[in-house]
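Structure, as C-alpha cells:
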Amino acid sequence: MTAKTGWIDRRSLLAGASATIAAPAIVRAQGKSLKIALMLPRSGFFAQAGQSCYRGALATPKVLSDLGYNVEIVHIDTESSNDVSRTQAEKAINDGAQCVIGAFESGNTIAIAQVCEQRKVPLICNIASAPQLTGQGYQYLVRNFMTGPGLVTNGLKLIGEVSKAANLDLKTAVFMHSNDTFGTAQSQAMGKIFPTLNMPFKIVESIAYDPKAQDLSVEVTKVRGINPDLLMIVTRAGDAIKLTRDMVRQKLQPKAIMSPGSPGLYDEEFFKAVGPYADGFIYNLPWFNVKSQMTQALEASFKKTNPNHRFDLDGFNAGFTFEALLVAADAFKRAGSGDGETLMKAIKATNIKDHVMIGGPIMFNEKGDNPNIGSASVQNIGQKPTVVYPADVAVAKPILPFPAWQGRK
Amino acid sequence: MSFSLYVEVLIQGVLSGLVYGLMALGLSVIFGVVRVVNFAHGEFAVLAMYCAFVLFGLAGVDPIIASIPLAIAFFVLGYAMQRGMVQPFVTRPQHEQFILLVGVALVITNGLLLVFGPESKHVDLPYSFDSYTVAGVLIDKVRVYGAAAALAVTAALFAFFRFTSTGTAIRASADNLTGAAVVGLDVKRLYAISFGLGLACVGAAGSIMMALTDMTPMLAPSLTLLAFTIVIVGGLGSMTGALAGGLLIGVAEAVASLVVSPAIKSMVSFGLLVLVLALRPQGLFGKAES
Numbered sequence: 001m002t003a004k005t006g007w008i009d010r011r012s013l014l015a016g017a018s019a020t021i022a023a024p025a026i027v028r029a030q031g032k033s034l035k036i037a038l039m040l041p042r043s044g045f046f047a048q049a050g051q052s053c054y055r056g057a058l059a060t061p062k063v064l065s066d067l068g069y070n071v072e073i074v075h076i077d078t079e080s081s082n083d084v085s086r087t088q089a090e091k092a093i094n095d096g097a098q099c100v101i102g103a104f105e106s107g108n109t110i111a112i113a114q115v116c117e118q119r120k121v122p123l124i125c126n127i128a129s130a131p132q133l134t135g136q137g138y139q140y141l142v143r144n145f146m147t148g149p150g151l152v153t154n155g156l157k158l159i160g161e162v163s164k165a166a167n168l169d170l171k172t173a174v175f176m177h178s179n180d181t182f183g184t185a186q187s188q189a190m191g192k193i194f195p196t197l198n199m200p201f202k203i204v205e206s207i208a209y210d211p212k213a214q215d216l217s218v219e220v221t222k223v224r225g226i227n228p229d230l231l232m233i234v235t236r237a238g239d240a241i242k243l244t245r246d247m248v249r250q251k252l253q254p255k256a257i258m259s260p261g262s263p264g265l266y267d268e269e270f271f272k273a274v275g276p277y278a279d280g281f282i283y284n285l286p287w288f289n290v291k292s293q294m295t296q297a298l299e300a301s302f303k304k305t306n307p308n309h310r311f312d313l314d315g316f317n318a319g320f321t322f323e324a325l326l327v328a329a330d331a332f333k334r335a336g337s338g339d340g341e342t343l344m345k346a347i348k349a350t351n352i353k354d355h356v357m358i359g360g361p362i363m364f365n366e367k368g369d370n371p372n373i374g375s376a377s378v379q380n381i382g383q384k385p386t387v388v389y390p391a392d393v394a395v396a397k398p399i400l401p402f403p404a405w406q407g408r409k
Numbered sequence: 001m002s003f004s005l006y007v008e009v010l011i012q013g014v015l016s017g018l019v020y021g022l023m024a025l026g027l028s029v030i031f032g033v034v035r036v037v038n039f040a041h042g043e044f045a046v047l048a049m050y051c052a053f054v055l056f057g058l059a060g061v062d063p064i065i066a067s068i069p070l071a072i073a074f075f076v077l078g079y080a081m082q083r084g085m086v087q088p089f090v091t092r093p094q095h096e097q098f099i100l101l102v103g104v105a106l107v108i109t110n111g112l113l114l115v116f117g118p119e120s121k122h123v124d125l126p127y128s129f130d131s132y133t134v135a136g137v138l139i140d141k142v143r144v145y146g147a148a149a150a151l152a153v154t155a156a157l158f159a160f161f162r163f164t165s166t167g168t169a170i171r172a173s174a175d176n177l178t179g180a181a182v183v184g185l186d187v188k189r190l191y192a193i194s195f196g197l198g199l200a201c202v203g204a205a206g207s208i209m210m211a212l213t214d215m216t217p218m219l220a221p222s223l224t225l226l227a228f229t230i231v232i233v234g235g236l237g238s239m240t241g242a243l244a245g246g247l248l249i250g251v252a253e254a255v256a257s258l259v260v261s262p263a264i265k266s267m268v269s270f271g272l273l274v275l276v277l278a279l280r281p282q283g284l285f286g287k288a289e290s
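Chains as they are written, first to last, in our numbering: chain A, 1 to 409; chain B, 1 to 290.
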C-alpha cells in the first residue's frame, strides 16, 4: 500500500491536465444536440439567395424537433466572400461547431471545405454546383445538390419532354447566358452536353451578355432579328428583370422561354419587379415536392417563421438548406456522437427516403454527391412558381406556347 | 437581320448616350473649373437614384420629373460641399484630393447599404414596359422620356454658361484663373457654383437613370468608371466633349453588341478610350496642354 503524502501526485496531475485539454472535444462529442454552423451569404453579392436559404433555416428547427431530432444552429454570414468564409469556418469550429453546412456559392464552399478537411469536421454542402467541389478527394465533404453539368443535362431533357407533352414544335433556339462564372460554366456544359442529347431543335445562336449592364435592349434586338422558336436563358434575378423588360418593350414573343437550370426567375425580387410579366417563364431545376408530407410540414413551419413572405416555401434554396440540416441531424442521431470521424461515417451512410426535394432517397456516392436528385419543370403561373412537369409531381399543366405579353394585368 | 433593327439599335445607343453624357457632363464641369476630379461621381449618381426612389415611394413622383427638384437639391449640396469640404483641398496635391473624395464615396455607399440594404431597387412606372412604333422601328418610351429630359437639362446648362454673367465668369475662371482673380471675380464662389452645377447634372442624371434601370449601392463604381471613360474620350473639362463622348460610347456599345457580340460592350468602350489616349491624349474636344 502506498501512502499518499499530498492531494495531487504526478499521475493525477497528468490525468487532470489531459482531461482539461481534451475537454472541449469530449464535450463536443457527447452533447445531446448537434451544434451546426450554418454558413450563408446573407450580405454581399449573393445576399438575395443567402437570405432565401436563411428563411428556410428559420423554419427548420420546428420540423426537425417534431421528427425527434435535436440540433443547435449557429447562423453565420459569409458576406459572399471566400476569405470571410474561411475565417468564419475556423472561428465556428473553434467555438464548438461539430458540423458545418453551406454555403450556396461554390467559391465560398471550397474555402470552407479546406478548413473542414483540416479540422476533420463534416461539411454538408446545401447548394453549390461546381463539379470540382467533390472532385478533389475531400473526406469530410458531401453535397446534397447537383453539379453544373447535371443541372444542364436534366434541364435540357426536360425542355424536350415538356415541349413534347405540350405538343409544341420547336426547331430553332437561341441560348442567352450571363458571362459571369456561373453563366460561363453553364454555357460550357451546354456546349458539351447539347450535341449528345439528340434534341428536337438546334441552337442557332449563343449570346453571352454582361449581367451588370444597364439594360439588355441590344441583346433582345439581336434575338428578335433571329426570331427563334425557343429562347433558352441562364440568368440571375437582376439580369432576368432587365431581360424581361426589354422583351416586353420589344414585343419579343418566341413559342417558349425556358431556363435549362438557373436561378433568377423564381426569386421574389423578379416577381416584385416585373409583376404579371413574370408569368410564362419555365425553369428546369431541382424543386421541392409539394406532395411530400415533409414538404407540407416545412411549408407550415415556414409560414409561421416568415409570415410576411409571399410564397409557401422559398424556391429551392429553402428546401436544400432544410435537407442539409436534416442530413446532419439524422446522421447525429444514428452516430450518437458529434465526433468528426464518427459523424462523417454516419453522414456517408445516409439513406433518407422521405424528404422535401423531388428525387429518390438522399444518399451519397463515393465522391460525396447525391445521385438521386431530380429536376422538375417549374412555370410561373399567377405570379407563383408552379411545378408543371413531370406529371407525378406536377400540380398544373404547362401553359405553352408562351402567353402573349400584351393585355397582362 | 433587317435594316430597321440596325436603326433601332442606333436610336437606343443615342438615347442611352444622352443620359450617359449628362452624367459625365457633371464630372467635366467640376474638373474644367475647379480642377478637382470627383472620384465620388458614381456614388452621387446612385445617391440621386435613391432620392428619386424615395420620392417615388413617398409621393409617387416620376423620377424623370423628379430630376428637376433633385438637380436643385444636388446643386445646393454641391455648393455647400465645395465651400465646407473641397475648397481647402483645391490647392493641395492630387493624391489628397483623391483620398478625400474616395472617402466621401465610401461614406455614401456604406450609408446607402445601411439604410436601404444590398437588394436592388426599382420603380414601377406606368409606361415602363411601353414602346413607340415608328415606321416599323420600336423605340422604348421610357428611354425617349429620359433622353428628352437629359437633353433639356444639358441645354439649360449650356445656356447658363453662354448667356448669363455668372456662366461667363465661370468660363473666364476656367480659362485663366489668375486673370479672373485680378479683375475681381470671387473665384471661391464661382468654384462652389461650378461644383454645385456638376452635382446638379449628376442629380438629374441619377434621377433619370432610376426610371431606366434597377440600382443597388454597389452600382456606383461602374458609373464612376463610365463617366471617366466618357470624359476622357470627349476631353476632360470640355462640356461639348462630355456630351459627344456619351453619345459616342452609347452608340459604339450598341452597334458593337449587335454586329459582334454583347459580351464585348465594355471592351469597345475601353478600346475607344485606349485609342483616343494613344492618338489624341487630350480627348476629342479637349485642349492640349501647352
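The beta-carbon is built from N, C-alpha and C at its ideal position, and this holds for glycine as well. Fair warning: this is a prediction, and the values are worked out from it, not measured in the lab.
Asked                                                                                                                        : Found
Assigned secondary structure, Arg-28 (chain A) (DSSP; H/G/I helix, E/B strand, else coil)                                    : Because Arg-28 (chain A) carries a pLDDT of 46, less than 50, the predicted location of this residue cannot be relied on, and the following value inherits that uncertainty. Here Arg-28 (chain A) sits in helix by DSSP.
Closer than 7 Å to chain A by CB, Val-9 (chain B)                                                                            : yes
Pro-377 (chain A) - DSSP class collapsed to helix/strand/coil                                                                : Per the sequence shown, residue 377 (chain A) should be read as Ser rather than Pro. Correct three-state label for Ser-377 (chain A): strand.
Short-range partners of chain B found in the region 211-235 of chain A, where Cβ spacing is below 9 Å                        : Lys-212, Ala-213, Gln-214, Asp-215, Leu-216, Ser-217, Val-218, Glu-219, Thr-221, Lys-222, Arg-224, Gly-225 and Ile-226
Members of the region 38-66 of chain A that neighbour chain B once the beta carbon cut-off is set at 9 Å                     : Ser-43, Gly-44, Phe-45, Ala-47, Gln-48 and Gln-51
Assigned secondary structure, Asp-140 (chain B) (DSSP; H/G/I helix, E/B strand, else coil)                                   : strand
Beta carbon proximity, Tyr-410 (chain A) to chain B, threshold 7 Å                                                           : The shown model of chain A, from 1 to 409, leaves out residue 410 (chain A), and the question about it has no answer.
Against chain B: residues of the region 268-281 of chain A by CB proximity under 9 Å                                         : Glu-269, Lys-272, Ala-273, Val-274, Gly-275 and Tyr-277
Cβ of Asp-140 (chain B) within 7 Å of any chain A Cβ                                                                         : yes
Short Cβ contact (7 Å threshold) for Val-251 (chain B) with Gly-17 (chain B)                                                 : yes
CB contact below 7 Å: His-41 (chain B) versus chain A                                                                        : no
Under the three-state DSSP convention, the category Met-146 (chain A) falls into                                             : coil
Contact between the region 141-148 of chain A and the region 115-125 of chain A (3+ Cβ pairs under 8 Å)                      : yes
Cβ pair count under 8 Å reaching 3, the region 67-74 of chain B against the region 224-236 of chain B                        : no
Chain-ordered residues of the region 101-133 of chain A with a beta carbon less than 8 Å from chain B                        : none
Candidates B:Ala-45, B:Leu-106, B:Leu-55 and B:Val-61, of which the one nearest Phe-75 (chain B) by Cα                       : B:Ala-45
Touching by the beta-carbon criterion (3+ pairs, under 8 Å), the region 169-183 of chain A and the region 201-211 of chain A : yes
Coil, strand or helix - Met-190 (chain A) by DSSP                                                                            : helix
Start-to-end residues for the alpha helix (DSSP H) that takes in Leu-316 (chain B)                                           : This structure gives no information on residue 316 (chain B), because the portion of chain B shown stretches from 1 to 290.
Expected contact under 8 Å - CB spacing of Val-411 (chain A) and Ile-347 (chain A) to nearest Å                              : Not covered by the structure: residue 411 (chain A). The range shown for chain A is 1 to 409.
Residues of the region 213-240 of chain B with Cβ closer than 7 Å to any Cβ of chain A, in chain order                       : Thr-213, Asp-214 and Ser-222
Counterpart residues of Leu-285 (chain A) in DSSP-defined beta bridges                                                       : A:Ala-376
Whole-angstrom distance between Gly-196 (chain B) and Gln-383 (chain A), CA atom to CA atom                                  : 45 Å
Exposure label - Asn-176 (chain B); buried when at least 16 CB within 10 Å                                                   : exposed
8 Å contact criterion, which Asn-410 (chain A) and Ser-301 (chain A) should meet: CB distance rounded                        : Given a span of 1 to 409 for chain A in the structure shown, any question on residue 410 (chain A) remains unanswerable.
Span separating the alpha-carbon of Ala-318 (chain A) from that of His-355 (chain A)                                         : 13 Å
Validate contact between the region 99-111 of chain A and the region 83-91 of chain A using beta carbons, cut 8 Å, 3 pairs   : yes
Gly-382 (chain A) at chain B interface by Cβ criterion, 7 Å                                                                  : no
Residues bridged to Ala-37 (chain A) (per DSSP)                                                                              : A:Val-74 and A:Val-100
Given 8 Å, three or more beta-carbon pairs between the region 116-134 of chain B and the region 207-222 of chain B           : yes
DSSP three-state assignment for Pro-413 (chain A), whether helix, strand or coil                                             : Nothing in the structure corresponds to residue 413 (chain A), since chain A is present only between 1 and 409.
Given His-75 (chain A) as reference, the closest of A:Asn-154, A:Ile-93, A:Met-146 and A:Gln-136 once Cα atoms are compared  : A:Ile-93
Coarse secondary structure for Met-215 (chain B), derived from DSSP in three states                                          : strand
Beta-carbon proximity check, Arg-249 (chain A) vs Phe-129 (chain B), cutoff 7 Å                                              : yes
Pairwise C-alpha distance: Ala-331 (chain A) and Asp-339 (chain A)                                                           : 11 Å
Test item: CB-CB of Lys-171 (chain A) and Asp-229 (chain A) under 7 Å                                                        : yes
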